[in-house]
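See structure below.
Residue numbers (the numbering used here): 1321 to 1388.
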């Protein structure tokens, strides 16, 4: 597999994981969470979003460099 496919699969996996975390974070299903656990979940979610943005920027730069 080439780098684009691997990067795309990583982005999809991280995005699905982030969406699941977001749903559980703001749902009333998990009332056992304390404030500290919710803060940890937010930090974890922000980390995943940052990773997704990083890979997206790398991917776009690779596409732009091939076009020029």
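All residues carry an ideal CB built from backbone N, CA and C; glycine is no exception. These numbers were taken from a predicted model, which means no experiment stands behind them.
Is residue i near the ligand HEM, in the sense that its beta carbon is under 8 Å from a heavy atom of that ligand?
i	result
residue 1328	The ligand content of the structure shown is nil, which means the ligand HEM is not present either.
By how many angstroms is the C-alpha of residue j removed from the C-alpha of residue i?
i	j	result
residue 1364	residue 1377	20 Å
residue 1339	residue 1327	18 Å
residue 1331	residue 1384	19 Å
residue 1360	residue 1374	21 Å
Among the residues of its own chain, which have a CB less than 8 Å from the CB of residue i, if the five just before and after it don't count?
i	result
residue 1342	1365
Could you tell me which of the options sits nearest to residue i, measuring between CA atoms?
i	options	result
residue 1334	1346, 1344, 1384 and 1372	1372
residue 1358	1369, 1367 and 1344	1344
residue 1346	1362, 1368 and 1337	1362
residue 1336	1324, 1369 and 1325	1369
Leaving out the 5 sequence neighbours to the left and right, which residues in its chain are closer than 6 Å to residue i when beta-carbon positions are compared?
i	result
residue 1379	1327
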